[in-house]
Amino acid sequence: MKYCFENIKVDCPVYYYDVIDSTNTEAKRLAEKGVLSGALGYETDKILVLADAQTGGRGRRGRTWKSPTGTSVYMSLLLRPEISPDRASMLTLVMGLSVVEGLEQELGVKTQIKWPNDVVLNKKKLVGILTEMGMQGMEIDYLVIGVGMNVNVVDFPEELVDKATSLLIECGHLVEREKLISAVMDAFDRNYQVFLKTQDLAGLRERYEQVMANQNQPVRVLEPGNEYEGTAVGINAMGELLVEKEDGTCEAVYAGEVSVRGLYSYV
Ligand code: BTN
Numbered sequence: 172m173k174y175c176f177e178n179i180k181v182d183c184p185v186y187y188y189d190v191i192d193s194t195n196t197e198a199k200r201l202a203e204k205g206v207l208s209g210a211l212g213y214e215t216d217k218i219l220v221l222a223d224a225q226t227g228g229r230g231r232r233g234r235t236w237k238s239p240t241g242t243s244v245y246m247s248l249l250l251r252p253e254i255s256p257d258r259a260s261m262l263t264l265v266m267g268l269s270v271v272e273g274l275e276q277e278l279g280v281k282t283q284i285k286w287p288n289d290v291v292l293n294k295k296k297l298v299g300i301l302t303e304m305g306m307q308g309m310e311i312d313y314l315v316i317g318v319g320m321n322v323n324v325v326d327f328p329e330e331l332v333d334k335a336t337s338l339l340i341e342c343g344h345l346v347e348r349e350k351l352i353s354a355v356m357d358a359f360d361r362n363y364q365v366f367l368k369t370q371d372l373a374g375l376r377e378r379y380e381q382v383m384a385n386q387n388q389p390v391r392v393l394e395p396g397n398e399y400e401g402t403a404v405g406i407n408a409m410g411e412l413l414v415e416k417e418d419g420t421c422e423a424v425y426a427g428e429v430s431v432r433g434l435y436s437y438v
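The opening position of the sequence shown corresponds to residue 172 in this note's numbering, with each subsequent residue numbered one higher.
Next comes the structure, spelled out in structure tokens:
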């Protein structure tokens, strides 16, 4: 098997596939086989699953994530955090921040986060994150954080042209995927340690808000059966978006089923 990501530097085992249905699905399969419990011959507390192409890439809300060969990053990090399940979604924000920091470190590119987890560049989506959880009774058995980064994509289908972009389109040159993955994983390792100290976003909140595209922007919140407008004024330690309404009250918006839109653009 030709290994596409030879120069990758991460401090955990990497499972690489030329083609896989979905790196998230594969990470879950590996978890079910006991990869984190030594069943595959070694002890580890995290695994990175990488693919050069996905045939069934999955996005949030049941959408598909187009995953052609050789142009982008499709990676899933498998972890077993000892945290309560209601805190799991916070790790999506930790990964979002880590992607922003990794991109800045490696390429000097300043991206932003559209809360909770889209990384955007010039108001278009560059990176999507899908976090999934496996439970053992009432506790987390494993967590999979999947990251799809549009790296050397030349063009997008008509329906995405106004909403999505790639590093190649924005920076004007090809980008080495290995270095990006290493930089993002490095940033994640640091941020994950900060997260674990308090098991919330208290230690990362300030940096997250600095790169939040919706910060101080008008937003429309679409909850099932409830829709309102306000101004996004930050996040709290639980990672909820704080939206100040015109009447001066403040709502804490939980990421789950909610959709938050900018009033004037996708961001
Ligand atoms: C989104 O809808 O914004 C989330 C997209 C997440 C896509 C990534 S690609 C790697 C991993 N494997 C998947 O099937 N999905 C995630």
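We put the beta carbon where it would ideally sit given N, CA and C, even for glycine.
How many angstroms separate the CA atom of Leu339 from the CA atom of Val270? Roughly 16 angstroms between the two C-alpha positions.
Would the region 375 to 388 and the region 185 to 204 be scored as touching if the rule is three or more Cβ pairs under 8 angstroms? In short, these stretches do not touch, since the Cβ pair count stays below three.
Check: Trp137 C-beta below 6 angstroms from any heavy atom of ligand 1: The requested residue 137 does not occur in the structure, where the chain is confined to residues 172 to 438.
Would a C-beta distance cut-off of 7 angstroms place Ser247 and Gly299 closer than the cut-off? Judged by beta-carbon spacing, Gly299 lies beyond the 7 angstroms limit of Ser247, meaning their Cβ atoms are not closer than that value.
Short of 8 angstroms in beta carbon distance, which residues of its chain neighbour Ala345, apart from the five on each side in sequence? Order them along the chain. In the sequence under discussion, the amino acid at residue 345 is Leu, which differs from the Ala named in the question. The beta carbon of Leu345 sits closer than 8 angstroms to those of Asn323 and Leu339, all from its chain and outside the five residues before and after it, given in chain order.
Would you kindly check if the distance between the Cβ of Glu303 and the Cβ of Val290 is under 7 angstroms? Not closer than 7 angstroms, so no.
Which residues mark the beginning and the end of the alpha helix (DSSP H) in which Asn321 is found? Annotation for Asn321: no alpha helix (DSSP H) segment contains it, and DSSP assigns it neither H nor E.
How many whole angstroms separate the CB atoms of Gly165 and Gly319, which I take to be in contact at a CB cut-off of 8 angstroms? Because the chain here runs from 172 to 438, residue 165 falls outside it and cannot be looked at.
Which of the three DSSP states, helix, strand or coil, is assigned to Asp333? Assignment of Asp333 by DSSP, reduced to helix, strand and coil, places it in the coil class.
Could you pull out every residue in the same chain whose Cβ sits closer than 6 angstroms to the Cβ of Cys421, ignoring the five residues on either side in sequence? Taken in chain order, the residues that qualify are Leu413 and Glu415.
Give the straight-line distance between the Cα atoms of Ile179 and Phe327, rounded to the nearest whole angstrom. About 27 angstroms.
Using only the heavy atoms of ligand 1, determine whether one of them is closer than 6 angstroms to the beta carbon of Arg231. Correct: Arg231 has its Cβ closer than 6 angstroms to ligand 1.
Roughly how many angstroms separate the alpha carbons of Met172 and Lys204, rounded to a whole number? With a pLDDT of only 41 at Met172, under the threshold of 50, the placement of this residue in the model should not be trusted, and no figure is reported.
For a test of the three-state rule: what should DSSP assign to Asp223, helix, strand or coil? If DSSP states are grouped into helix, strand and coil, Asp223 belongs with the strands.
For a test of the three-state rule: what should DSSP assign to Gly209, helix, strand or coil? In the structure shown, Gly209 falls within a coil segment according to DSSP collapsed to helix, strand and coil.
Ligand 1 heavy atoms versus the CB of Asn321: any closer than 6 angstroms? For ligand 1, not one heavy atom lies less than 6 angstroms from the Cβ of Asn321.
Suppose only complete runs of 3+ residues qualify. What are the beta strand (DSSP E) ranges in the region 339 to 420, listed by chain order? Note on the region 339 to 420: whole beta strand (DSSP E) runs with a minimum of 3 residues are 389 to 394, 397 to 406 and 412 to 415, in chain order.
Helix, strand or coil at Val181 according to DSSP, with G and I counted as helix: Coil.
With Gly267 as the anchor, note down where its alpha helix (DSSP H) starts and where it stops. Residues Met261 to Leu278.
Contact criterion: CB-CB distance below 7 angstroms. Does Gly267 meet it with respect to chain D? As a matter of chain content, chain D is missing from the structure shown, which is built from one protein chain.
C-beta atoms of Tyr399 and Val390 nearer than 7 angstroms: No, the pair does not count as a contact, with Cβ atoms beyond the cut-off.
Report the rounded CA-to-CA distance for Leu211 versus Pro395, giving the unit in angstroms. Computed Cα separation, rounded: 43 angstroms.
CB of Tyr245 to nearest heavy atom of ligand 1: below 6 angstroms? Yes, since a heavy atom of ligand 1 falls inside the 6 angstroms radius drawn around the Cβ of Tyr245.
My assumption, with CB atoms under 8 angstroms, is that Gly273 sits in contact with Ala354. Please give the rounded CB distance. Yes, they are in contact, since the Cβ atoms of Gly273 and Ala354 sit about 4 angstroms apart, within 8 angstroms.
Between Leu264 and Tyr379, which are expected to be in contact by the criterion C-beta below 8 angstroms, what is the C-beta distance as a whole number of angstroms? The beta carbons of Leu264 and Tyr379 sit about 6 angstroms from each other, so the pair counts as a contact at 8 angstroms.
Go ahead and label Ala335 buried or exposed: buried means 16 or more other beta carbons lie within 10 angstroms of its beta carbon, across all protein chains shown. In summary, Ala335 is buried, with 16 or more beta-carbon neighbours lying within 10 Å of its beta-carbon over all protein chains present.
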